[in-house]
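Numbers in the numbering used here are just positions in the sequence shown, counted from 1, shifted up by 8.
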Amino acid sequence: MRIAFFGYHKSFDFDKIGGTNSLVRRISLELVKDHNITVDYVIYGTSSEKIENNSGITSNYFNKLKEALNSLKNYDHVVTMYIPPGDFINYALFRRKEKNNIFFHIIYTDWPRSFIKRNAFFIFNSLWRYNGKSFSISPRIKDALKKWGDESVFLLPPVPLDYFMEIGNNKNLGNLRVTFIGRVDVGKGVLEVIDILNQLAQDENIILKFYGIHWEDDPEAVKIHKNLSSQNKFDYISLDFNHYSSEVEEMVQDILRETDIFLQPYRHLSSSIDMPLLILEAMASLCAVITRPYGDIPRIYGESVCLVDDEEGSEKIVEIIRRASQWIPMELERINHQNKTFSFDTLTVTTIFLKSLLEVGGKIS
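Rendered as structure tokens:
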């Protein structure tokens, strides 16, 4: 079986970090390692080249859509990640032409903030249907697709088994450890995080860590980074995570293992995939996650004191953290139950994904 993950440049890539990149990479590596399936990336809208990495996955880059589409004829299954609206029709015509030769699938990862854009996307794909499977990474995407007659497969972003911990294995009996990891981006809630950490800075029994991924493309993010670097109220660790590596994966895993409360007070989910992967990774690591009840976070994370409404500001979050000893033990038990309920480890997620592909046709050879 030959599988291609296909999409526009910057929507995903093997060596980039971020939710969509990790989702595709983790499934791809599992398919290659455990099932001996050929998996390639086909990406267009950039300079043409071919890159083979040590994992057995080849990334094929093309300048033009037409060149990329021609290369897709070499695959049994094509999994679509993102196609710009301007290319919708040409891609739909290609799918129609090759429908007897290739199974085309799509993974829906985002929930556009614009009602018009969101529904236009769903409507177009309902009119020009894929002949394979649709995958939804959140219940609300699945529900929206169902309204248009698309019974998609629910597929949470996968988390490696190494992240998962059992009750009692990762929490110390000393100081409370409060951590933020993420891009220095207003949409990620970094201004709220800074305010929270400043208020907690005088609490001697709380260890504060801010791991910020420096984002040089945004002038406001650069300004925030400089301010964080010059302050001394809490630890600010600037991370250069432009490219994926196993060392980066291990570092995030280690940080979460040494965290009791993980801060992710998003301003909106459009700054992330619709079910944020970092929240799932923190859940697997048995961290209490203080975040906003946006999208399907309440359905996946579960009902919790840690889900703080928009109208409740940073003072409310500080109050919750300061009385953590009263609620953390029960919270960890509850998170552990959620982890087992949804089973989002990489092996399970990849098994669901591969089974879905095989249901429409083809076989592992």
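In this text, a Cβ means the ideal position worked out from N, Cα and C, and glycines have one as well.
Item                                                                                                                   : Value
Integer Cβ distance of isoleucine 149 from leucine 163, believed to fall under 8 Å                                     : Contact doesn't hold; Cβ gap of about 10 Å is too wide.
Length of the line joining the Cα atoms of valine 198 and lysine 81                                                    : 44 Å
Beta strand (DSSP E) segment containing glycine 15, residue limits                                                     : 10–16
Proline 165 vs serine 30 beta-carbon contact at 8 Å                                                                    : yes
Buried/exposed call for glutamate 339, threshold 16 Cβ in 10 Å                                                         : buried
Sub-8 Å separation of aspartate 211 and arginine 307 beta-carbons                                                      : no
For threonine 28 and phenylalanine 20, believed in contact at Cβ under 8 Å, the rounded distance                       : 5 Å
Nearest-angstrom Cα separation, counted from isoleucine 25 out to threonine 267                                        : 21 Å
Cβ-based neighbour list, aspartate 203, same chain, cut-off 7 Å, excluding 5 preceding and 5 following                 : Ser322
Touch test, the region 241–250 against the region 215–222, Cβ-Cβ under 8 Å, three pairs minimum                        : yes
Alpha-carbon to alpha-carbon, phenylalanine 143 and lysine 74                                                          : 25 Å
Sequence-distant residues of the same chain with beta carbon closer than 7 Å to isoleucine 189, five excluded per side : Tyr219, Val260, Ile263, Leu286
Pair within 8 Å by beta-carbon distance, isoleucine 269 and leucine 184                                                : yes
Which of helix, strand or coil DSSP assigns to histidine 309                                                           : The residue you asked about is not histidine; residue 309 is tyrosine in the sequence shown. Three-state result, tyrosine 309: helix.
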